[in-house]
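Line by line, the protein sequences give chains A and B. Count the first sequence with the numbering used here and you get residues 123 to 345, in order. Count the second sequence with the numbering used here and you get residues 123 to 345, in order. Yeah, the Cβ is synthetic: ideal placement off N, Cα and C, and Gly gets one too. Worksheet: the structure to be examined is printed underneath.
There are 2 protein chains.
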Amino acid sequence: MKTLIVEDDRTLADILAFTFVREGFEVINAYSGEDALNLWEDECPDLMILDVNIPLPDGFSVCETIRKNWDTPIIFLTVRDNEEDIIRGLDVGADDYISKPFSPRQLMARVDAVMRRSSINIEEDHYQVGTVFLDLEQKSLTIPGQDPIFLSESECRFVHCIMRYAGQVVTSQILINCIWGPGNGNKEMLRQLVHRLRKKMGVQEETQSIIETISGIGYCFCQ
Amino acid sequence: MKTLIVEDDRTLADILAFTFVREGFEVINAYSGEDALNLWEDECPDLMILDVNIPLPDGFSVCETIRKNWDTPIIFLTVRDNEEDIIRGLDVGADDYISKPFSPRQLMARVDAVMRRSSINIEEDHYQVGTVFLDLEQKSLTIPGQDPIFLSESECRFVHCIMRYAGQVVTSQILINCIWGPGNGNKEMLRQLVHRLRKKMGVQEETQSIIETISGIGYCFCQ
DNA sequence: TCACATTGTCACACAATTGTCACACACATA
DNA sequence: TATGTGTGTGACAATTGTGTGACAATGTGA
């Protein structure tokens, strides 16, 4: 998956690039509207992250120009709570927006949602990170070179949740809410679920370490 | 959000309280400097509105005393255009001032601005200085080119505190109060926390020197 | 009814985190 | 040189968090 990041603030551009690379995206950086349009033509990215405030053609114009010929997803970056920008951005064809400052998790959640809505993406009932494949309909998890692992309902929710944020930590509280709904689970139940899932996944070192524990915080899906 | 209002004129104090309550703040009233200092210790407010002209220790002394151990935002109330007061107020560590008389809207605008500048702002779930990135939710510290470092609760509070004042020295006392709360930590614990954190951050020179010791005063976050 | 999978709960072992102590070293001062 | 202060470092114990096995309750299908 190829992402074009259009951001003239180099520091923020670095952070963005870092976040996407960590998620397994290929990243191209543009630092002005002109750059963006040229690179768009040359590279044909699958997704664009576009700051409104960039030099030369501003974000809105860039978005408008591209939308004439493409329907690739575009996510806008705006300063917090600037409603005018948000409305205008969506108006010129952006798929979503995110207000600065934002956390990497917030950003990836938006990317996820946009990719899911767009046709680029795999169907809703599949999930793939690296070579690991989760089938939400069959509730099966496939790791190359192994037989598929069939998951129970709650195990499936757990895997789904950590796969969505692959490479990032997901807090225990978020997981509990995702699996059992707010106020219905607890840490003890989560601990047991992870234990049973790891057991099911087998003793292989590589497989075991897919679910990493981050002490005091939560769990993390590692490629 | 808890606000301590220090104002001996009961009428004005009531108006202030009303304004804050209407905005969803919890309000505590103090009518003298002594009151203010006691309530400060007991209630740990998130914000203080402080009239200069209050009995017993005056506003300046109160502010000075509190600033020795806390970095919670303080807004001064002064009579109109008394520049001496304003300068002296900011000098003893106030974050902003507002001249009497003022409109509730003016006041809340100042409060908003001060809260935004300080990290009390609850919505802020991450912090960025240069290329260093702190995720408060994941409790992770990311330096480009390195794996994220996962922090414990107290380590996270420490990093949060020094990152807020990046480039400035933060005194040991302020750090201790930020990390363990009033009367719960000591310099020995702080020293050990820094030691463990540096160890966790690895042997890389660049990474190590992010936390600089300022002998006899405290610590400083360097780019 | 029985076998079986799934789930919630408990008890216990082990690991991570934290508070405390002891000691080494650098530096300033008399 | 001797002394005191501030800091870095390692070791230890107490506390807290996590992994694991066992058991019972529930639901499902044969």
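For the pair of segments examined, the stretch 189-199 of chain A was found to touch the stretch 209-221 of chain A: the number of CB pairs separated by less than 8 Å reaches three. Within 7 Å of the CB of residue 261 (chain B), the CB atoms of chain A belong to 339, in sequence order along the chain.
Residue 169 (chain B) and residue 188 (chain B) have their C-alpha atoms spaced approximately 12 Å apart.
Nearest Cα to residue 336 (chain A) within the set A:224, A:318, A:313: A:313.
Comparing alpha-carbon positions, the option among A:136, A:145, A:137 lying closest to residue 287 (chain A) turns out to be A:145. Annotation for residue 297 (chain A): 280, 283, 284, 312, 340, 341 place their beta carbon closer than 8 Å to its own, counting only its chain and skipping 5 residues before and after. Residue contact with chain A for residue 272 (chain B): present (Cβ-Cβ distance below 8 Å to some residue of chain A). For residue 170 (chain A), there is no enclosing alpha helix (DSSP H); the enclosing beta strand (DSSP E) has its first and last residue at 169-173. In this structure, the CA atom of residue 265 (chain B) is about 17 Å from the CA atom of residue 131 (chain A).
The C-beta distance from residue 179 (chain B) to residue 156 (chain B) rounds to 7 Å, short enough to fall under 8 Å. Taking 8 Å as the threshold, the shortest C-beta distance from residue 314 (chain B) to chain A does not fall below it.
At a beta-carbon threshold of 7 Å, the residues of chain A lying near residue 255 (chain B) are 137, ordered along the chain. Rounded to whole angstroms, residue 253 (chain B) and residue 173 (chain B) show a C-alpha spacing of 40 Å. Boundaries for residue 148 (chain A): no alpha helix (DSSP H) harbours it, while the beta strand (DSSP E) harbouring it runs 148-152, taken from the DSSP string. The shortest C-alpha to C-alpha distance from residue 272 (chain A) to any of A:176, A:323, A:127 is the one to A:323. Rounded to whole angstroms, the gap between the alpha carbons of residue 338 (chain B) and residue 305 (chain A) is 48 Å. In the DSSP annotation of this structure, the continuous segment of the beta strand (DSSP E) that includes residue 221 (chain B) starts and ends at 218-222.
Put simply, the CB of residue 252 (chain B) is near chain A, with a gap under 8 Å to one of its CB atoms.
Residue pairing from DSSP places residue 257 (chain B) in a beta bridge opposite B:248, B:262. By the Cβ-count criterion, residue 128 (chain A) is buried, with 16 or more other Cβ atoms from all chains shown falling within 10 Å of its own Cβ. Separation of the CB atoms of residue 133 (chain A) and residue 147 (chain A) is rounded to 19 Å, and the pair is thereby denied contact status at 8 Å. Sequence-ordered contacts of the stretch 273-292 of chain B with chain A read 274, 275 [C-beta pairs closer than 8 Å].
Taking every protein chain shown into account, the CB of residue 268 (chain A) has fewer than 16 other CB atoms within 10 angstroms, so this residue is exposed. Counting only the Cα atoms, residue 231 (chain A) lies some 45 Å from residue 152 (chain B). Look at residue 334 (chain A) here: in three-state DSSP terms it is strand. In this structure, the beta-carbon distance from residue 255 (chain B) to residue 137 (chain A) falls below 8 Å. Straight-line spacing of the CA atoms in residue 343 (chain B) and residue 301 (chain B) works out to 16 Å.
One thing to note: residue 276 (chain B) has its Cβ no nearer than 8 Å to the Cβ of residue 270 (chain B). In the structure shown, residue 309 (chain A) falls within a helical segment according to DSSP collapsed to helix, strand and coil. Residue 289 (chain B) sits in coil when the DSSP states are folded into three classes, being neither helix nor strand. DSSP places residue 161 (chain A) inside the alpha helix (DSSP H), whose first and last residues are 155-165.
For residue 178 (chain B), the three-state secondary structure derived from DSSP is coil.
Around the C-beta of residue 299 (chain B), 16 or more other C-beta atoms lie within 10 Å, and the residue is accordingly described as buried.
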